[in-house]
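Colleague:
There are 2 protein chains.
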Amino acid sequence: MPETDCQTVQVKLADRSYQIGIGPDLLANIDQFIDRTGQWVVITDQTVDSLYGERFCDSLSSSDNDVHRLVVADGEHSKSIEVVDRLWQEMIQIGIDRRATVIALGGGVVGDLAGFVAATYLRGLDLVQIPTSLLAQVDSSVGGKVGVNLPQGKNLVGAFWQPQQVIIDTQVLQTLDARQFHAGMAEVIKYAVILSNDFFDWLGENALAIEKRQPHSLQEMIARCCQFKADVVAEDERETTGQRAILNYGHTLGHAIEAVCGYGKFLHGEAIAIGMDFAIRLACQLGRVSDVEIERQRKLLTAFALPIDVPDVEPEKLIEAMYRDKKTTDTKLNFILPDRIGNVDLIRDVDVSTIEALLTRE
Amino acid sequence: MPETDCQTVQVKLADRSYQIGIGPDLLANIDQFIDRTGQWVVITDQTVDSLYGERFCDSLSSSDNDVHRLVVADGEHSKSIEVVDRLWQEMIQIGIDRRATVIALGGGVVGDLAGFVAATYLRGLDLVQIPTSLLAQVDSSVGGKVGVNLPQGKNLVGAFWQPQQVIIDTQVLQTLDARQFHAGMAEVIKYAVILSNDFFDWLGENALAIEKRQPHSLQEMIARCCQFKADVVAEDERETTGQRAILNYGHTLGHAIEAVCGYGKFLHGEAIAIGMDFAIRLACQLGRVSDVEIERQRKLLTAFALPIDVPDVEPEKLIEAMYRDKKTTDTKLNFILPDRIGNVDLIRDVDVSTIEALLTRE
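For the protein sequence lines, the chains are A and B, in the order given.
Heads up: take any position in the first sequence, counting from 1, add 1233, and you land on the numbering used here.
Heads up: take any position in the second sequence, counting from 1, add 1233, and you land on the numbering used here.
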């Protein structure tokens, strides 16, 4: 990979190790960043396709590269087994063989969907993730979680399927709408709270530059997030030791809000922001942190226009949804809770009445 | 695992290593062979369920074991994404969580189907293979290949998903119908031709005892086949080095016969028997083996009532189907061909006119 203006982060997973390249205008020079030739299946959605699809495929196409573009509808509904089935069959019709590489060009939905297609077509194809939303760049494109939804819930079917390469073009964030950009910032702030007080302070100091999407700030921020994620994933690739579970900070209530309010009312990052504010208040209630930390986190979340108030729904419904969430085992409610900005622990079997009291809006 | 009357074979795959237990009446004493507790999902088909389902689940059930039985229709049609989708949704309804174990209780179809469900439900559950057909016992239950068919062809979707344990009860073969038993013998003979002249001779000497399904002969035979498969899989888990490809001896034409004649006319093992006879004749034509080897293999195949004659269809159709087979890359026809009983090589780019001449029935 050329070094100019491009930072790299290594994801160390023995024979499944790979590199993340982060820089501006990587898409426009994609031929320099892709180090293989052959059959390519570019899976993308309508919005990303209209912005980058044709140009991207043209710059990848060559006498050595046979490029096929498959476009799905925008939105969470495309993360279904019906769409996966359609893509499998289209790939068979085209004649895609087992040496082909799938490129996921898009946000989190496209990454999860295309990743699952890659994991299962002919028992597994190579995968390159090219995330185009901030959320996908800092979170979902790294670490190998791929999958689709069932009618009963999100991400109930999937695999751990590591990409061979992740290519992050920071320039594409310039076209991302503000709400999506802010939702991505929720996951950025999450890394700071769970892993690094230094990074938390850095985000505060650079909030204005980030909000203005100043290229160098974005690149620095994304590279640091990818490094955090890479370190956690390297320690617990398949979420078996508990280490990877810290990435679920804010997600216990966040997933419940998404489920109860209907997917679409809140973006994932927005629900996570509310979940993080709730989690740190719960941590305060349990004597783990002081009010000062609640305020510090709130200030950073609201600096990026993120919501923090629990929506006006019955607390019982949220609690019920938390029990159903697959991250909760047995009949106990577990939370990832900070004891300071920069460190969290898994707290098991939190008293439901404490949760209910905190969920009840004053 | 108790030692009495039970042989074990190790499949060495680093952190995915596992043990195969082979012996009589293991199903009836399943509680002695399963060394874990928790939620269990037993996936089986109607025939196996009527013979063993209830008794098996009863003997597995205990205060520590919560056992759920999911039954699919007999036959290849169950190896579809529609059936997988139904099983995923049933498991969600039951409340199966990520610590559960899937048991595949049945022949090759059940093993492939249940294995794919295990590989993908909540990004992967533990799997125990309990194969009940000879073909599944000596071949498909070992090595981690799981998957389903698409309308366009067999096994086009799937994963490599190693079981935690394989439990082979030789007693269940007593109820297997003769045609299915003989079809399984085709894969047994395949191991001998590709890997061991000694085992080939042993099969000839013990043909009568095997045909009578004498328990000790069956156990010895199955254990040796599992050891062969385990060795090949340990060298090339994901079919990337070419070593695992030798297991496809007889399969290039075999798959084409299945595709052209329609699945159901020939059992998989029968098609493979015809494919092996063809492959050794092709090897002879190319000067790799003498007529003597053709006759030796024929004698053993026909001792188990296996067909050897290419069915009366147009050679062009078979050749076309061979090109379509996913094991063939590029536009060349590759064959696994012996140079003696006990050794094979991958021969690339075999001249099509030679194949066509051999396929044309005299």
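Here a beta-carbon is modelled for each residue, glycine too, at the ideal position from N, C-alpha and C.
(1) Run through DSSP, which three-state label would B:Thr1561 get?
(2) Around the C-beta of B:Ala1506, are 16 or more other C-beta atoms found within 10 angstroms, so that it is buried, or is it exposed?
(3) Thinking C-beta only, is B:Leu1428 closer than 9 Å to B:Leu1515?
(4) Which residues mark the beginning and the end of the alpha helix (DSSP H) in which B:Glu1433 is found?
(5) Report the three-state DSSP secondary structure of B:Arg1356 (helix, strand or coil).
(6) With A:Leu1451 as the anchor, note down where its alpha helix (DSSP H) starts and where it stops.
(7) Assuming A:Ile1255 and A:Thr1408 are in contact, meaning their beta carbons sit under 8 Å apart, how far apart are those beta carbons, in whole angstroms?
(8) Here's the rule: buried if 16 or more other CB atoms are within 10 angstroms of the residue's CB, otherwise exposed. What is B:Pro1364?
(9) May I ask you to list the residues that DSSP assigns as paired with A:Asn1298?
(10) Using the C-alpha atoms, what's the distance from A:Leu1259 back to A:Tyr1556?
(11) Counting pairs of Cβ atoms below 8 Å between the stretch 1430-1440 of chain A and the stretch 1540-1559 of chain A, do you hit three or more?
(12) How long is the line joining the alpha carbons of B:Ala1512 and A:Asn1298, rounded to whole angstroms?
(13) Please state whether the Cβ-Cβ distance between A:Leu1367 and A:Gly1417 is less than 9 Å.
(14) Suppose the cutoff is 7 Å on Cβ atoms and the five residues either side in sequence are ignored; what does the same chain contact list for A:Ser1450 look like?
(15) For A:Leu1246 versus A:Val1275, is the C-beta spacing smaller than 9 Å?
(16) Determine the direct distance from the alpha carbon of A:Lys1445 to that of A:Ala1536, and round the result to whole angstroms.
(17) With a threshold of 9 Å between beta carbons, is A:Pro1384 in contact with chain B?
(18) Taking B:Ile1253 and B:Val1399 to be in contact with their CB atoms under 8 Å, please state how far apart those CB atoms are, rounded to whole angstroms.
(19) Among the residues of its own chain, which have a CB less than 7 Å from the CB of A:Glu1528, if the five just before and after it don't count?
(20) For B:Tyr1424, list the residues DSSP reports as bridge partners.
(21) Could you round the C-beta distance between B:Gly1357 and A:Phe1393 to whole angstroms and report it? I think they count as a contact, below 8 Å.
(22) Would you kindly work out how many angstroms separate the C-alpha atoms of B:Ala1261 and B:Gln1385, rounded to a whole number?
(23) Answer with buried or exposed for A:Gln1370, where buried requires no fewer than 16 other C-beta atoms within 10 angstroms of its C-beta.
(24) Please check if any C-beta of chain E sits within less than 9 Å of the C-beta of B:Asp1318.
(25) Going by the CB atoms, is the gap between A:Val1281 and A:Val1343 shorter than 9 Å?
(26) Express the C-alpha separation of B:Glu1547 and B:Glu1589 in angstroms, rounding to a whole number.
(27) Return yes when the Cβ of B:Val1390 is within less than 9 Å of the Cβ of A:Leu1355, no when it is not.
(28) Kindly list, in the order they appear in chain A, the residues whose Cβ is closer than 8 Å to that of B:Lys1378.
(29) Looking at C-alpha atoms only, which residue of B:Ser1374, B:Pro1448, B:Ser1295 is the closest neighbour of B:Ala1463?
(30) Mapping the DSSP letters down to three states, classify B:Asn1262 as helix, strand or coil.
(31) I'd like the span of the alpha helix (DSSP H) that includes B:Phe1511, first residue to last.
(32) Pull out every residue of the stretch 1322-1345 of chain B whose Cβ sits closer than 8 Å to any Cβ of chain A, in chain order.
(33) Roughly how many whole angstroms lie between the Cα atoms of B:Cys1239 and B:Gln1447?
(34) Run through DSSP, which three-state label would A:Asn1481 get?
(35) By DSSP, does B:Val1379 sit in helix, in strand, or in coil?
Modeller: Let me spell this out:
(1) Its pLDDT being 49, under 50, B:Thr1561 is placed unreliably by the model, and the measurement read from it follows with that caveat. Looking at B:Thr1561 - three-state DSSP - the assignment turns out to be coil, as it is neither helix nor strand.
(2) buried
(3) no
(4) A quick correction: the sequence has Phe, not Glu, at residue 1433 of chain B. 1430-1438 is the extent of the alpha helix (DSSP H) around B:Phe1433.
(5) coil
(6) 1448-1468
(7) Their Cβ separation, rounded to whole angstroms, is 17 Å, which puts A:Ile1255 and A:Thr1408 out of contact at 8 Å.
(8) buried
(9) A:Gly1271, A:Ser1295
(10) 42 Å
(11) no
(12) 35 Å
(13) yes
(14) Asn1439, Ala1442, Ile1443
(15) no
(16) 12 Å
(17) yes
(18) 4 Å
(19) none
(20) Paired residue(s): none; B:Tyr1424 is not in a bridge.
(21) 7 Å
(22) 40 Å
(23) buried
(24) Annotation note: the requested chain E is absent from the structure, which comprises protein chains A and B.
(25) yes
(26) 10 Å
(27) yes
(28) Arg1356
(29) B:Ser1374
(30) helix
(31) 1501-1518
(32) Gln1322, Ile1325, Gln1326, Asp1330, Arg1331, Arg1332
(33) 16 Å
(34) helix
(35) strand
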